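**Student:**
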Amino acid sequence: MGIFDKLSNLFAPKGDTYGYWVVVKCNQCGEIIKTRIDLRNDLSLRYDEQGKSTYYCRKVLVGDQHCFQKVELQLTFDVKRKLVDRQISGGEFVDEQE
Ligand SMILES: [Zn+2]
């Protein structure tokens, strides 16, 4: 048993510095879909009206329970890669309790 406990600790999300996890619920079927945003690779740099730079990420999710509803996410992060704005269509955000 011991070795598997150690392995699962190694891959625990809390060690995932560059991963931002989003949990959404499909409006159509209620399926919970989890996705990982890679803060190094999935973000693109943008400039707002004030010339301030932000990171932007758009992602389209589809559940795998025979439902073809698309859930579209639009996330905005500041330069420190902290979430500052989020939009969703086709579903809703589910905030997990820590
Ligand atoms: Zn669905």
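Quick note, the working numbering runs 207 ahead of the 1-based positions in the sequence shown. Glycine included, C-beta positions come from ideal geometry on N, C-alpha and C. This structure is a prediction, so every number in the text was calculated from the model and none was measured.
What does the Cβ neighbour count give for V229, buried or exposed, with the cut at 16 atoms within 10 Å?
**Tutor:** buried
**Student:** Just to confirm my understanding: we take Y283, look at its own chain, exclude 5 residues before and 5 after, and list those with CB closer than 6 Å. What are they?
**Tutor:** According to the sequence provided, residue 283 is Thr. The question's Tyr does not apply to it. The residues are T261, Y263, V291, D292.
**Student:** Taking only the alpha-carbon atoms, compute the straight-line gap between Q294 and I244 and give it to the nearest angstrom.
**Tutor:** Q294 and I244 have their C-alpha atoms some 15 Å from each other.
**Student:** Anyone know if the C-beta pair for K232 and E299 falls short of 9 Å?
**Tutor:** Going by C-beta atoms, K232 is nearer than 9 Å to E299.
**Student:** Once DSSP output is grouped into helix, strand and coil, what is the label at T283?
**Tutor:** strand
**Student:** Which class does T224 belong to by DSSP, given the choice of helix, strand or coil?
**Tutor:** coil
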